[in-house]
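So the structure is just underneath, and the comments pick up after that.
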Amino acid sequence: MLVCQYWKNVAVNTPELWASICISPHHSLEKARLRLARSKSVPLDITVNFSPRAENATGVTERIVRAMDFLRPALWRARSFCLGVPNRPQAHAALLRCKEDAPLLEFLSICIFHSMQDDYYSSSCLPLFNGHTPRLRSCSFTSFNFGWDRRTVSGLRVLQLGGYWNGFSPSVDGLLGILRGCPNLEELALRNMSDVDPDASIPLEQEFIATKLVRLPRLTKASFYYSGNMRTRMLLGQISFPALESLDFCYLDNLTPVLEHLKQQSLTSLPLRHLRIESSFFNEAKFVSLLRRLMSLSTLELVDIEDVSCFLLKSLSTPPAAHPWVCAKLERLNLDGCTSLQWDSLRRLVESRLAGRSVQTTSSTPYGVSTASASAHIHAITIAHGSSPALTPYRLFSIDVTRCHQISKEMVQWLRMYVRDVRCEPAKGVWGETTLP
25 MLVCQYWKNV
35 AVNTPELWAS
45 ICISPHHSLE
55 KARLRLARSK
65 SVPLDITVNF
75 SPRAENATGV
85 TERIVRAMDF
95 LRPALWRARS
105 FCLGVPNRPQ
115 AHAALLRCKE
125 DAPLLEFLSI
135 CIFHSMQDDY
145 YSSSCLPLFN
155 GHTPRLRSCS
165 FTSFNFGWDR
175 RTVSGLRVLQ
185 LGGYWNGFSP
195 SVDGLLGILR
205 GCPNLEELAL
215 RNMSDVDPDA
225 SIPLEQEFIA
235 TKLVRLPRLT
245 KASFYYSGNM
255 RTRMLLGQIS
265 FPALESLDFC
275 YLDNLTPVLE
285 HLKQQSLTSL
295 PLRHLRIESS
305 FFNEAKFVSL
315 LRRLMSLSTL
325 ELVDIEDVSC
335 FLLKSLSTPP
345 AAHPWVCAKL
355 ERLNLDGCTS
365 LQWDSLRRLV
375 ESRLAGRSVQ
385 TTSSTPYGVS
395 TASASAHIHA
405 ITIAHGSSPA
415 LTPYRLFSID
425 VTRCHQISKE
435 MVQWLRMYVR
445 DVRCEPAKGV
455 WGETTLP
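In terms of this note's numbering, the sequence shown has 397 at position 373, counting the first letter as 1, and numbering is strictly consecutive.
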């Protein structure tokens, strides 16, 4: 882009504009050298990323070593450092160059793409940055073996761990020790880990009953994606999280024991606003019992859950007289891939919340022309529960029925009259074109 000489001088002499340095197959070392020179002495955001693509396979290790040798004198002023390499030997070669102090480092990410590969470089090259990272607040490790050293991940606010299989997967006791060293943790994510041995976990779980809980008063977001059913269950049984607002479960088999731990936490404080469960199963009655305790829940996502039936949808609909609504603040409902739910139950749920109040419904734009049955249902709800806003649930703002093949095109059109955002699979025309957005 052509600019005048004045603006060129302004850009060249503004070091903050050159603080982001990336070295990859698409970002040359020459450009990094230019940006490093123009950044003067400001904190740097450094990225070294070599994905395991076939076209990038030749000479990758040499290029990684050359990049790290070039960056090594400037690592002392790195504010963030992201390393992505195909395998552990290359990560080992790169991290051997990270021996100096990093007093400004706040975010550290190390990703090894071939996480299933076994090799002789499983031993960690610690301590990274000479063990001096006083400002480190966020760590994201994928298949990087740091020996589960608590000093490496202490005092964090964000901790993301993934890609640990077989003998490299963390023990429950080791994870609890790490969490004890992060009392101000705000976000926790465990992803793709081999589960702990069930036979060895039963006596350990009984031993944990007498131990003190790990208190995480600032934890607001937690995600468990194929992190092992026993590991997740034992962790949640030993953690106190009174400020948790977002929680994700995915590929964890039987979640019923986990739901019991959540209900126990809700007896004191559990201001959960977002709950997502994917490809798992649970006792539906116990799940509804938990939902009754989640007064602040506004988003419920159930993806590929066969246990969603008319019982759950009926529980979210109009309650009996003198009983409170279940999830009265619910505005977004995701039922993607839930093929066992019935249309009548879903329609009844939508109709029961038509009289609800919502921030989105205060505008003058109408949702559509109400049918006689829906209008009568609104009138019946108003009479049964009175006009007090405290008893009125929020109106559903979004429903996702993607891959719910029992929901026909006509049913989707009916939903769109009363729900502003309805998501579904687009209908295909004769030639495969999309006919329904």
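Even for Gly, the Cβ is constructed at its ideal location relative to N, Cα and C.
Please list the terminal residues of the continuous alpha helix (DSSP H) segment that includes Arg356. Run containing Arg356: none in the alpha helix (DSSP H); it sits in the beta strand (DSSP E), Arg356 to Asn358.
Cβ neighbour criterion (16 or more within 10 Å) applied to Cys362: That one is buried.
Measuring straight from C-alpha to C-alpha, what distance separates Ser304 and Leu279? Cα to Cα, Ser304 sits roughly 7 Å from Leu279.
Beta-ladder partner(s) of Gly261, from DSSP: According to DSSP, which records beta bridges pairwise, Gly261 is partnered with nothing at all.
Could you give the distance in angstroms between the alpha-carbon of Val72 and the alpha-carbon of Leu336? Straight-line Cα distance between these residues: approximately 48 Å.
Through-space distance from Gly186 to Leu60, alpha-carbon basis: Computed Cα separation, rounded: 32 Å.
Uninterrupted alpha helix (DSSP H) stretches inside the region 65-121 (no shorter than 4 residues): The region 65-121 contains these whole alpha helix (DSSP H) runs: 84-95 and 112-119.
Reference Val89; option with closest CA among Arg103, Pro113, Ala102 and Asp69: Comparing Cα-Cα distances from Val89 to each of Arg103, Pro113, Ala102 and Asp69, the minimum goes to Pro113.
CB contact flag (Ile47, Ala91, <8 Å): Contact annotation: Ile47 and Ala91 have beta-carbon atoms nearer than 8 Å.
By the three-class DSSP mapping on this structure, what secondary structure does Tyr30 have? Tyr30 falls in the helix class under three-state DSSP.
For Thr82, count neighbouring Cβ atoms within 10 angstroms of its own Cβ and tell me buried if that reaches 16, exposed if not. Thr82 should be labelled exposed.
Under 8 Å, do Leu160 and Leu203 count as touching if we go by C-beta distance? Contact: no.
Relative to the C-alpha of Leu276, which candidate in Trp349, Asn216, Gly155 and Ser432 has its C-alpha closest? Minimum Cα-Cα distance from Leu276 among the listed residues Trp349, Asn216, Gly155 and Ser432 corresponds to Asn216.
Through-space distance from Trp438 to Arg101, alpha-carbon basis: Here the C-alpha atom of Arg101 lies approximately 58 Å from the C-alpha atom of Trp438.
Lys433 (DSSP reduced to helix, strand or coil): In the three-state scheme derived from DSSP, where H, G and I count as helix and E and B as strand, Lys433 is classed as helix.
Taking the alpha-carbon of Leu370 as reference, which of Ala345, Pro348, Leu354 and Leu340 has the nearest alpha-carbon? Put simply, of Ala345, Pro348, Leu354 and Leu340 the residue whose alpha carbon is nearest the alpha carbon of Leu370 is Leu340.
Quick check on DSSP: helix, strand or coil for Asn37? Asn37 falls in the coil class under three-state DSSP.
Is Val374 closer than 8 Å to Val425 when the C-beta atoms are compared? Not in contact: Val425 and Val374 (Cβ atoms no closer than 8 Å).
Going along the chain, which residues of its own chain have a beta-carbon closer than 8 Å to the beta-carbon of Asp93, five neighbours each way excluded? The beta carbon of Asp93 sits closer than 8 Å to the beta carbons of Arg121 from its chain, once the five residues preceding and following it are set aside; these are given in chain order.
For the beta strand (DSSP E) containing His285, name the first residue and the last one. For His285, no beta strand (DSSP E) encloses it; the enclosing alpha helix (DSSP H) starts and ends at Thr280 to Ser290.
Buried versus exposed, by CB contacts within 10 Å (16 or more), Thr157: In summary, Thr157 is buried, with 16 or more beta-carbon neighbours lying within 10 Å of its beta-carbon over all protein chains present.
I'd like the span of the beta strand (DSSP E) that includes Ser247, first residue to last. Unbroken beta strand (DSSP E) run through Ser247: Lys245 to Tyr249.
Going by DSSP, name the residue or residues bridged to Arg57. The partner list for Arg57 (beta bridge, DSSP) is empty, contrary to what the question assumes.
Would you mind working out which of Leu365, Thr323 and Pro417 sits nearest Cys428, comparing C-alpha positions? Selected option, being the one with the closest Cα: Leu365.
At the level of alpha carbons, what is the spacing between Ala246 and Lys32? C-alpha separation (whole angstroms): 45 Å.
Roughly how many whole angstroms lie between the Cα atoms of Arg372 and Tyr418? If you take the alpha carbons of Arg372 and Tyr418, they lie about 15 Å apart.
Going by CA-CA distance only, name the one from Glu269, Asp197, Tyr188 and Thr166 that's closest to Ser174. Residue identity check: residue 174 is Arg in the sequence provided, not Ser. Checked all of Glu269, Asp197, Tyr188 and Thr166; the closest Cα to Arg174 is Asp197.
According to the neighbour-count rule (16 or more other Cβ atoms, all chains shown, within 10 Å of its Cβ), is Cys135 buried or exposed? Flag for Cys135 reads buried.
Just reading off the beta strand (DSSP E) that Cys135 is part of, what are its end residues? Note, Cys135: beta strand (DSSP E), Phe131 to Ile136.
Unbroken beta strand (DSSP E) runs of length 3 or more, entirely within the region 153-224: which are they? Fully enclosed beta strand (DSSP E) runs of 3 or longer: 162-166, 182-188 and 211-217.
Could you pull the DSSP bridge partners for Thr323 from this structure? The partner list for Thr323 (beta bridge, DSSP) reads His298 and Arg356.
Nearest neighbour of Ser322, chosen from Ser333, Pro295, Ala345 and Glu308 [CA to CA]: Taking only the C-alpha atoms, the option nearest Ser322 is Pro295.
Alpha carbon to alpha carbon, how far is Phe265 from Leu240? Computed Cα separation, rounded: 5 Å.
Tell me which residues share the same chain as Tyr391 and place their Cβ nearer than 6 Å to its Cβ, disregarding the 5 neighbours each side in the sequence. Any reading at Tyr391 must be qualified, since the residue scores a pLDDT of 44, below 50, and its modelled position is unreliable; no value is offered.
Going by alpha carbons, who is nearest to Val332 out of Pro344, Glu302 and Asn253? Nearest Cα to Val332 within the set Pro344, Glu302 and Asn253: Glu302.
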